[in-house]
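First comes the structure, then the notes that go with it.
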Amino acid sequence: MPKELWKGNEAIAEAAVRAGLEAYFGYPITPQTEVLEYLSRRMPELGRAFVQAESELGAVNMVYGAACTGVRVMSSSSSPGVSLMMEGLSYIAGTEVPAVLVNVMRGGPGLGNIAPAQSDYNQAVHGGGHGDYPRIVLAPASVQEAIDLTVLSFDLAEKYRMITMLILDGAIGQMMEPAEMPEMKPVHRQDFDWATNGTMGKRERRLLTSIYLNPLDEEQTNLRLLNRWKEVQANEVRYKEYFIDDAEIVIVGFGTAGRVALSAVRTAREQGIKVGLLRPITVSPFPTERLSQLTGQARAFLVTEMNMGQMLDDVQLAVRGRVPVEFYGRPGGVVPFPDEILNEIKRIASSPTADHTDARDAWLTRMTERV
Amino acid sequence: MQKEIIIAGFGGQGVLFGGQVLAYAAMDTGKDVTWIPSYGPEMRGGTANCTVVIADHEIGSPLVKNPPLAIALNLPSFDKYESQLAAGGTLIVNQSMVDRSAQRNDIHVIMVPCNEIAEEIGDKKLMNMVAMGALLSALPEVSLKDVEKALEGHLPARHKHLLPKNYEALKRGFEHAQKEWDKAPA
Amino acid sequence: MTTPANNLVYERPEAFTETPTHYCPGCTHGVAHRLVAEVLEEMNITDKTIGVAPVGCAVFAYNYFDVDFVEAPHGRAPAMATGVKRVLPDRVVFTYQGDGDLASIGMGEIVHAAARGENLTVIFINNANFGMTGGQMAPTTLPGMKTSSSQNGRDVETQGYPIKVSEMLSTLEGVGYCVRRSLHDPKNIRLAKKAIRTAFETQVRGLGFSMVELLSTCPTNWGMTPVNSLKFVEEHMIPAYPLGDYKISDAIKQIKI
């Protein structure tokens, strides 16, 4: 297919349609609303289900219901709306049904603002709903990647019977870039052996629930989820590297923060600084092993995020104190400019002695002086 | 090669569409490109802007602090981007909407009476294309022909009859800017 | 001479599993369950029915019906049922919800499912309290009624007034069928069954949202014998929640059962 100029949000919507999306349930919220608007037109035109729900709570539970029938279903929202969906996400995880949720993140906490942010990383990757449950989280950094990962998210959700989330900041949702759409896939209803779609007199009745009153049964369920997660960790880690081969300083950044870092890396390279970038594409599962490997080569890591250092913790766990990890973030909906990250690179490049101050504390001190 | 362009003006001045046309032209000639709007409450009647980045490699940041190129279609945009423009950069200003001259002398400021030129062509709405034509005089990576093709390829069918006037607007803007460049001291 | 088979007046509907229910002695959930099972069987729709269980005493409803079931978060059954029905419009989808589930935490979901005219059937059990958590005040608790969270009796000054769900939902255009019945005596149980049948017929014919509110007992939490509970329904619940047809669309009036 030829490349077209696609807006991130609309690209995700169309990619989902082409991946065989049979039902979408959502609620308007900036900067995600174009997904809902696009699908309100596109889904009925194809005879597929679209409902603008009464709330995100309603939307996520409609997703839950449709997911139980084994069809490809998704919702999308932005930070405050995703918080409301956490109840449903936990139930979906506990019931082990596949579903896709897109979070076009904005500044928070609370009502916050509608500017691009990455402050729901922990909610998506580590927290969110109650109970112990793993979930796959993909972090596109371009419109093309948003398309590709939307398609992938349905495959992964079904393969592992697991929630797959796409987290992207508002910039990627609102941005237009040339991108190629996949071919339209015909809707193919898989005959899952767990789906509650009516016995039609051909099989025993099925039940989908997240209730396990006996703690020993719930424990077994938790362990089953963890074992499945081990497969995900072994097979599904994705990341992209730039200028890593001889890099002495390794930047780690996802989504827009990763892109901004790429600009800074290019300029730093022109100035002769051996710096590279690792951009996680799956933030859950996290590229822990690769980062651990890079501690043999890098003398310092710099984590850049549009939050106060959420992925930073995961990088530190991977690096295990072998080399210093530094942090540069812009929280609250501020998108950093490349020169800010370039300054950090230069600072690290010109300080040969390791700084053992806590990365977040050191950053906070620098930020406090600056702001 | 990488060039960043900010296009700014009032909502309704065709700021976002102008940027998209440029993005299409860059895409159609095989370049990587990003287009990102300011979004949110400021869209409702206030000042709108979009940033277009054109490169021959994978683009990093879609936003830029000090662009080398900008179009200011109104006075608030002129005020804002005159100070933000990178030294040596070029600022295309819609002369019809500003009442002052440039203050910086380390940038090129090209004054174009976009509204008047557009009205001469017969459609006030074409002022964004006049400014776009002027911009192309400072952006050798994208030609007038590239933008014309982009308009032809991506303008919705119901607007196709407007193509000749769009071409004229681009050309007039480009020519006006050329004259301004010729006047400028070397 | 009649054989025992000819004498058979009561048996387990096929839409029921053989699992004994967990409900308290004298609770009318069992009656309501049985009526639903009988209707599914009589309409020959058991195979294509998908139930949505609530959070509340009926959380285990899925153990008793021989149909596919999903289990919803508290109050969200109408949203979940919407998801199921929208992708499987030829199946029969019903929710079975109590008053805490439907009228308290799930008020948003029920109102909007009804307003959208979702082609679903809702069986709504109104027993004036939260049964499962031990008899706390529900939106449907009568003024002055003592519960474990209104120990001096529901004081409307501070705890508000009961919500009449059927009356409220009947104002919505999307609703095809909305009635209130009671389970306190055999005659009313027969009327309730007919209403449940009509509700499912409404869905099968695609005539919009259908709900049957059933006034029910909660002997354990009310602290009454089963017999006194039935009397309480008759003497106190029915005056507060009048039985009747709150909305029956013209198309549904034509249905002959």
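Residue numbers (the numbering used here), protein chains in the order written: chain A, 1 to 371; chain B, 1001 to 1186; chain C, 2001 to 2257. Every residue gets a Cβ at the ideal spot worked out from N, C-alpha and C, and that includes glycine. This one's a predicted model, so the numbers in the text were calculated from it and none came from an experiment.
Buried or exposed (CB count within 10 angstroms, at least 16 for buried), residue i
i         : result
C/Gly2206 : exposed
B/Ala1157 : exposed
B/Met1043 : Only weak support is given to the placement of B/Met1043: the predicted model assigns it a pLDDT of 48, under 50, and the value that follows is read from those uncertain coordinates. So B/Met1043 counts as exposed.
A/Leu213  : exposed
A/Ser184  : For clarity, residue 184 of chain A is Met in the given sequence; the question names Ser instead. Classification of A/Met184: exposed, given that the 10 Å Cβ count is below 16.
C/Glu2173 : exposed
A/Pro116  : buried
A/Ser284  : buried
C/Asn2119 : buried
A/Trp120  : Looking at the sequence provided, one finds Asp at residue 120 of chain A rather than Trp. The residue in question, A/Asp120, is buried, as its Cβ has 16 or more Cβ neighbours within 10 Å.
B/Ile1121 : buried
B/Ala1070 : buried
C/Tyr2010 : exposed
A/Met175  : buried
Span separating the alpha-carbon of residue i from that of residue j
i         : j         : result
B/Ala1177 : A/Val315  : 51 Å
A/Thr164  : A/Asn235  : 15 Å
A/Lys202  : C/Thr2046 : 12 Å
C/Pro2162 : C/Gly2153 : 13 Å
A/Ile172  : C/His2236 : 60 Å
A/Arg387  : A/Ala13   : Shown here, chain A extends from 1 to 371; a query on residue 387 of chain A therefore has no answer.
A/Arg161  : A/Trp194  : 10 Å
A/Val371  : A/Gly110  : 22 Å
B/Pro1140 : A/Met85   : 49 Å
A/His188  : A/Val104  : 28 Å
B/Ala1048 : C/Phe2130 : 54 Å
B/Leu1126 : A/Arg366  : 48 Å
A/Glu54   : C/Tyr2246 : 24 Å
A/Leu156  : A/Pro186  : 18 Å
A/Ala19   : A/Phe154  : 7 Å
A/Leu46   : A/Ser40   : 11 Å
A/Glu10   : A/Val35   : 6 Å
C/His2112 : A/Glu96   : 27 Å
B/Lys1171 : B/Ser1038 : 28 Å
Residue i - DSSP class collapsed to helix/strand/coil
i         : result
B/Met1043 : For B/Met1043, the pLDDT reaches just 48, beneath the cut-off of 50, and the residue's location in the model is therefore unreliable, leaving the point undetermined.
B/Gly1050 : Here residue 1050 of chain B turns out to be Cys, not Gly, going by the sequence shown. B/Cys1050 falls in the strand class under three-state DSSP.
C/Lys2256 : coil
A/Trp194  : coil
C/Arg2180 : strand
C/Asp2101 : helix
B/Pro1037 : strand
C/Pro2143 : coil
C/Met2001 : Note that C/Met2001 scores 49 on pLDDT, short of 50, meaning its location in the model is unreliable and no value can be drawn from it.
C/Thr2198 : helix
C/Val2092 : strand
C/Ser2150 : strand
B/Leu1016 : helix
A/Asp358  : coil
C/Arg2161 : For the sequence presented, residue 2161 of chain C should be read as Tyr rather than Arg. Of the three classes helix, strand and coil, the one that applies to C/Tyr2161 here is coil, per DSSP.
A/Val364  : In the sequence under discussion, the amino acid at residue 364 of chain A is Leu, which differs from the Val named in the question. If DSSP states are grouped into helix, strand and coil, A/Leu364 belongs with the helices.
C/Glu2014 : coil
C/Thr2046 : helix
C/Asp2068 : strand
CB-CB length for residue i against residue j, believed under 8 Å
i         : j         : result
B/Val1112 : B/Val1093 : 7 Å
C/Val2067 : C/Ile2050 : 7 Å
A/Val265  : A/Phe243  : 6 Å
A/Gly170  : A/Arg259  : Rounded, the Cβ-Cβ distance is 14 Å, inconsistent with contact.
C/Arg2076 : C/Glu2109 : 6 Å
A/Gly254  : A/Ala141  : What sits at residue 254 of chain A in the sequence shown is Phe, not Gly. Contact flag correct, Cβ pair sits at about 7 Å.
A/Ser90   : A/Tyr27   : In fact, because the Cβ distance is near 19 Å, the residues do not count as touching under 8 Å.
A/Leu312  : A/Leu291  : Contact flag wrong, Cβ pair sits at about 12 Å.
B/Val1142 : B/Val1021 : That pair is no contact at about 10 Å.
B/Val1130 : B/Gly1173 : 4 Å
**Report entry** 4-residue-minimum alpha helix (DSSP H) runs that sit fully inside the region 270 to 355 of chain A, ordered along the chain
**Finding:** For the region 270 to 355 of chain A, whole alpha helix (DSSP H) runs of length 4 or above, ordered along the chain, are 288 to 294, 311 to 319, 338 to 349.
Query raised in the report: What are the start and end residues of each continuous alpha helix (DSSP H) run of 4 or more residues lying completely inside the region 230 to 277 of chain A, in chain order?
Result: Secondary structure in the region 230 to 277 of chain A: the alpha helix (DSSP H) runs of 4 residues or longer, each lying completely within the stretch, are 255 to 270 in chain order.
Query - Whole runs of the beta strand (DSSP E) within the region 1101 to 1155 of chain B, excluding any shorter than 3 residues - result: Runs of the beta strand (DSSP E) lying entirely within the region 1101 to 1155 of chain B, each at least 3 residues long, are 1108 to 1112 in chain order.
Query - Segments assigned alpha helix (DSSP H), at least 4 residues, entirely inside the region 15 to 54 of chain A - result: Listed in chain order, the alpha helix (DSSP H) elements of length 4 or more contained wholly in the region 15 to 54 of chain A are 33 to 45.
Query raised in the report: In the region 2103 to 2131 of chain C, which residue ranges form an unbroken alpha helix (DSSP H) of at least 4 residues, counting only runs that do not cross its ends?
Result: Entirely contained in the region 2103 to 2131 of chain C, the alpha helix (DSSP H) runs reaching 4 residues are, in chain order, 2107 to 2115.
Report task. Just list the beta strand (DSSP E) runs in the region 150 to 180 of chain A, keeping only unbroken ones of 3 residues or longer that don't cross its boundaries, in chain order. Result -> Taking 3 residues as the shortest admissible run, the region 150 to 180 of chain A contains the following complete beta strand (DSSP E) segments, listed from N- to C-terminal end: 163 to 169, 176 to 179.
Query raised in the report: For the region 58 to 139 of chain A, which segments carrying the beta strand (DSSP E) assignment without a break, of at least 3 residues, lie completely within its bounds, in sequence order?
Result: Contiguous beta strand (DSSP E) elements confined to the region 58 to 139 of chain A occur at 73 to 77, 99 to 105, 136 to 138, taking only those with 3 or more residues.
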